[in-house]
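A quick write-up on the structure given underneath.
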């Protein structure tokens, strides 16, 4: 018998929207003039999922000798604007499979829990046409400690007024955060696999759309 949950709590980047490769490409481009040749394995294991301050600190230590923190802070606004411009020009922000999953989960309370900032998360959910699906959206500004601390997922659960939830994650920090909050965690390797994995976990009927919807 499948376990019953009151809510499903989704990570953002890499789970609902596949924006991590674009974040990587933008960081790679702005860090190259500073002498940092950022590759995907390094970004994936040492940069991804960090808070803004943690991310800048990690990036500066990729140079030898380490860059001054102000050097990295100076390119941060450039990266943010580069990402914003590029992501808003994308036509396929969210797959049709993911949109259908969110519709089919209408019997659950839904939340988004991200280590990103609100100006990054809210516009993309709105542009994808799914912001209305979520009763809670917890971002970096909402908590004192981001993942892997349990606070982000606990805050989302409080906002939704639930005590049992399934967390859907793609990062180790997210997995630890969900477990520390006392919730089951379903790991997905990427956005494409996520809808079918959630359906299987919850005992839902499989869905095979196999296409992307414009967002």
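Numbering (my numbering), first residue to last: 2 to 216.
From the three backbone atoms N, C-alpha and C, an ideal C-beta is built for every residue, glycine too.
Helix, strand or coil at residue i according to DSSP, with G and I counted as helix
i           : result
residue 110 : strand
residue 95  : coil
residue 193 : coil
residue 123 : helix
residue 14  : strand
residue 33  : helix
residue 152 : helix
residue 163 : coil
residue 158 : helix
residue 7   : coil
residue 137 : strand
residue 104 : helix
residue 19  : coil
residue 66  : coil
residue 89  : coil
residue 40  : coil
residue 144 : coil
residue 181 : helix
residue 213 : Only weak support exists for where residue 213 lies, its pLDDT of 43 falling under 50; the value from the coordinates is given anyway. Residue 213 falls in the strand class under three-state DSSP.
residue 53  : helix
residue 118 : coil
residue 76  : helix
residue 59  : helix
residue 26  : helix
residue 175 : helix
One or two residues paired with residue i in a DSSP bridge
i           : result
residue 205 : Looking at the DSSP assignment, residue 205 forms no beta bridge with any residue, so it has no partner.
residue 188 : 170
Own chain partners of residue i with C-beta closer than 7 Å, once the 5 adjacent residues on each side are dropped
i           : result
residue 106 : 9
residue 73  : 57, 60 and 61
residue 94  : 18, 125, 128, 129 and 216
residue 146 : 152
residue 23  : 84, 87 and 88
Close-in-space but distant-in-sequence residues of the same chain around residue i (CB under 6 Å, 5 per side omitted)
i           : result
residue 111 : 9, 134 and 135
residue 165 : 6 and 7
Whole-angstrom distance between residue j and residue i, CA atom to CA atom
i           : j           : result
residue 109 : residue 63  : 43 Å
residue 99  : residue 60  : 32 Å
residue 141 : residue 71  : 21 Å
residue 19  : residue 130 : 15 Å
residue 55  : residue 40  : 18 Å
residue 87  : residue 189 : 25 Å
residue 31  : residue 92  : 24 Å
residue 187 : residue 120 : 27 Å
residue 132 : residue 117 : 16 Å
residue 171 : residue 67  : 29 Å
Other residues of its chain near residue i: CB distance less than 8 Å, five sequence neighbours each side excluded
i           : result
residue 144 : 150, 152, 153 and 156
residue 122 : 13, 113, 115, 138 and 140
Minimum Cβ-Cβ distance from residue i to chain D less than 8 Å
i          : result
residue 27 : Protein chain content of the structure displayed is limited to a single chain, and chain D is not contained in it.
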